[in-house]
Amino acid sequence: MDDIFLAMEKKERKMDSIARVRAYQAYLRSIEQKEPDGFDTSAVPYNFGQENFVPGQNPLSNFKESFYSRKDTAKSIFHEPVAASGLKSIAEISPARQSPAKPSHDLRPDWMMVIIIGCLVLLAWLKLFYNKFLDQTIQSVTNYQLSTKLLRDQNMFSRRVAFALNINFILAGAAFIYLILGFFHIRFFALSDILSYLAYAGILTLLLILRFLVSHTVGHVFNRHSEFREYLHQLMLIHKSLGIYLLILVISIAYIKDDLRIYLIYLSGLLIIAAAVFRVGKGIKIALTNKDVLIFYLILYLCTLEILPLLIFYRFASSSVQVG
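So, in structure tokens, the structure goes:
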């Protein structure tokens, strides 16, 4: 009986050994790679047979789809133009480079806060020490009798107020121009932001000086010095008051949310139009007050001193934008 049990145990061990060998062989067959049929692209990259190898041919020519670059461009960098003989050839195209965007001003520069604080300190100084003259200057824009009284009763204190308000108009006006041009991506000068602002401030100063010289020169030439002196006074009153409102717009445009800035741009446009209407109205008022002024001179005044500078500025701005 012991011999029988030993023989059966030996037979079972032999059968287990055969089963393990068969299982191992089946596992080897399952992980064994099959021989590729035809062209094997996994063995050697771009491995062409001797019969279909063309020297100098791009290896991507066997693929019919276009290939795209993910980083620089979204256009195909290889295409298959059809030659006259009907054969396809591969032409390599360099990725299309997009032209850089137009330079624009930084609408929240650090130095803008210094300009705003300086203007606010200047206005606070005027409000503290020259409150009476400051209020009269602002009210005289809409009050013709008060404006003529300021012209007639000029003194040292009124001149100080006028000079300080002119400085505020230049600083706030240059900042306003800087922000508007930056919003529309317009740059007249190839300068840095702070130098561009200084250039705009210099242009405003030159325009004020040129207006002063032209008005006095024309008044002396046509023997109308008092009329042109009064007109220049009325014009400067508008600029002084406009500088205060421009300062408010500069603070709002610079530090408001980006999606709300466009509404302030529209509001500033209405303010500029209103100031231009006041200028023309002041000129007409002065001309009609003096009975000996002819209508011809009034039309000549409107064309030369008001409309012509606007046309020249529009021509310069449009040409600068096209060149940029």
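End of the sequence shown = 323 in numbering that gives the first Met the number 0, gap-free, step of one. In this text, a Cβ means the ideal position worked out from N, Cα and C, and glycines have one as well.
- A direct Cα-Cα distance of roughly 13 Å separates Ile247 from Arg260.
- Inclusion of Tyr143 and Ile176 in the CB contact set at 8 Å is not warranted, their separation being larger than that value.
- Counting other Cβ atoms within 10 Å of its Cβ, His219 stays below 16 and is therefore classed as exposed.
- Judged by beta-carbon spacing, Leu241 lies beyond the 8 Å limit of Phe132, meaning their Cβ atoms are not closer than that value.
- In this structure, Asp105 is the residue among Met155, Asp105, Ile271 and Asp15 with its C-alpha nearest to the C-alpha of Ala253.
- Counted as a single uninterrupted DSSP element, the alpha helix (DSSP H) harbouring Gln233 occupies residues His224 to Tyr254.
- Between Ile115 and Val276, the C-beta gap is not smaller than 8 Å, which leaves the two residues out of contact.
- Note on Arg12: under 16 other CB atoms within 10 angstroms of its CB, so exposed under the neighbour-count rule.
- By the criterion of a C-beta distance shorter than 8 Å, Tyr244 is surrounded in its chain by Leu270, once the five residues flanking it on both sides are discounted.
- For Thr141, the three-state secondary structure derived from DSSP is coil.
- Counting only residues of its own chain and dropping the five nearest sequence neighbours on each side, Asp152 has no CB closer than 8 Å to any other CB.
- Here the C-alpha atom of Val279 lies approximately 10 Å from the C-alpha atom of Ile285.
- Between Ile255 and Leu263 the beta-carbon gap is near 6 Å, inside 8 Å, which marks them as a contact.
- Burial is judged here by how many other beta carbons sit within 10 angstroms of a residue's own beta carbon; Tyr196 has at least 16 and is buried.
- Asp257 and Arg186 have their alpha carbons spaced roughly 20 Å apart.
- When secondary structure is reduced to three states using DSSP, Tyr129 falls in the coil class, being assigned neither helix nor strand.
- A buried status is given to Gly282, since no fewer than 16 other beta-carbon atoms sit within 10 Å of its beta-carbon.
- For the set Ile3, Phe182 and Ala161, the Cα lying nearest the Cα of Tyr265 is the one of Phe182.
- Approximately 24 Å separates the beta-carbon atoms of Val140 and Ile202; this is outside 8 Å, ruling out the contact.
- Out of Arg223, Lys239 and Ser214, the CA that lies nearest to the CA of Leu231 is found in Ser214.
- Within the same chain, Cβ atoms closer than 7 Å to the Cβ of Ser251 are found at Leu263, the five residues on either side in sequence being excluded.
- Ser146 carries a helical assignment under DSSP once its states are collapsed to helix, strand and coil.
- C-alpha of Ile30 to C-alpha of Asp2: approximately 43 Å in a straight line.
- Within its own chain, the residues whose Cβ lies closer than 7 Å to the Cβ of Leu125, once the five positions on either side in sequence are excluded, are Leu133, Val160 and Ala163, listed in chain order.
- Residue nearest to Ile166 within the set Gln24, Leu205 and Ala18 is Leu205 (criterion: CA-CA distance).
- Under a 10 Å Cβ-count criterion, Asp15 is classified as exposed, with fewer than 16 other Cβ atoms of the shown protein chains found around its own Cβ.
- Under the three-state reduction of DSSP output, Ile185 falls in the coil class, being neither helix nor strand.
- Glu229 sits away from Leu145, with the two beta carbons spaced by 8 Å or more.
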